[in-house]
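Asks: Numbering (our numbering), first residue to last: 38 to 234.
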Amino acid sequence: MGTFYTDVIEQDPRFTSASRISDPELLEPITRELVEGIIAAAEEQGFDLMIFETYRSQERQEQLFLQGATQLRRVGVHHFGLACDIVRSVNGEPSWKGDFSIVGQLAESAGLVWGGNWGNPNIHHNFIDQPHVQRCTIARQASLFSGLWYPDDLYNPLDEEPHMLFASISRQARQRPRAKTKRASSQRRRRSKDKSL
Ligand SMILES: [Zn+2]
């Protein structure tokens, strides 16, 4: 059986578009519903938010990587319709100024991982991406990217065992002392690039 990625995203003419896409139709339906809920709930509290980016192609990811705008060269969670960047709307224009904790609070109650803490507020994160929300833990990303896993409708990343929210970080920490050879350290570098989106 297909997923939203194989049935909708891969079939869409914008699949390889290098332009920024903010169309909510390219968000997986549960992710879309939760993102729209966040924007509506923020509005009730007097915060004007807007979707800045939903789906992202490999072509655009490569461009952003070369510009230094992302640490990830290969497509991230955006590519699978499971991540959205939500920014402030100032007179209809996107703005990154001010406090984004409202996005974090609403993402948490919606059941989405927030890029302000990657689902785990108790550890230090080197990479913070406050407008970013995603319906996938960091630990699931590798199986998502390789096509082995896609969330079902009931999946809530914040319900996963706590270790799934910081597995990538603890795995790196465990491997550090062993990585003495040249080959091991270059593998480590490559892995560390994969931790954010
Ligand atoms: Zn993002």
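A virtual CB, placed ideally from N, CA and C, is assigned to each residue, including glycine.
1) Cβ-heavy atom distance between H115 and ligand 1 below 7 Å?
2) Using a Cβ-Cβ cutoff of less than 6 Å, which residues in the same chain neighbour H116 once the five nearest sequence positions on both sides are dropped?
3) Ligand 1 and D60: does any heavy atom of the ligand fall closer than 7 Å to the residue's C-beta?
4) List, from N- to C-terminal side, the alpha helix (DSSP H) runs of 4 residues or more that fit wholly inside the stretch 86-114.
5) Can you tell me which of the three DSSP states H116 falls into?
6) Beta strand (DSSP E) containing V170: first to last residue?
7) Would you say the beta carbon of A144 comes nearer than 7 Å to a heavy atom of ligand 1?
8) Between which two residues does the beta strand (DSSP E) carrying S132 extend?
9) Does F11 pass the burial test, meaning 16 or more other C-beta atoms within 10 Å, or should it be called exposed?
10) Flag A120 as yes when its Cβ comes closer than 7 Å to any non-hydrogen atom of ligand 1, and as no otherwise.
11) Here's a check: name, in chain order, each residue in its chain whose Cβ is nearer than 8 Å to the Cβ of P131, leaving out the five neighbours to either side.
12) I want to check one thing, is the minimum distance from the CB of H162 to the heavy atoms of ligand 1 below 7 Å?
13) With 16 as the cutoff for other CB atoms within 10 Å, does V127 come out buried or exposed?
Replies: With the structure as the only source:
1) What you label residue 115 is simply residue 78 of the sequence shown in a count that begins at 1. Yes - ligand 1 has a heavy atom lying nearer than 7 Å to the Cβ of H115.
2) Position 79 of the sequence shown holds residue 116. Contacts found: R93.
3) For the purposes of this step, residue 60 is taken as the residue at position 23 of the sequence shown. No, the Cβ of D60 stays beyond 7 Å of every heavy atom of ligand 1.
4) Runs of the alpha helix (DSSP H) inside the stretch 86-114: 95-103.
5) Within the sequence shown, the letter at position 79 stands for residue 116. In the structure shown, H116 sits in a helix (DSSP, three-state: H, G or I).
6) Your numbering for residue 170 matches position 133 in the sequence shown. H169 to Q171 is the span of the beta strand (DSSP E), which, as asked, contains V170.
7) Walking along the sequence shown from the start, residue 144 turns up at place 107. Flag unset: Cβ of A144 not near ligand 1.
8) Locating residue 132 in the sequence shown gives position 95, counting from the first residue. First-last of the beta strand (DSSP E) with S132: E130 to S132.
9) The displayed coordinates of the chain run from 38 to 234. Any statement about residue 11 would go beyond what the structure contains.
10) The residue given as residue 120 occupies position 83 in the sequence shown. Result yes, Cβ under 7 Å from ligand 1.
11) Mapped onto the sequence shown, residue 131 falls at position 94. These residues qualify, in order along the chain: M87, F89, V124 and R125.
12) Working through the sequence shown from its first residue, we reach residue 162 at position 125. No; taking the cut-off as 7 Å, the Cβ of H162 has no heavy atom of ligand 1 nearer than that.
13) Start at 1 with the first residue of the sequence shown, and residue 127 comes out as number 90. When all chains shown are included, V127 counts as exposed.
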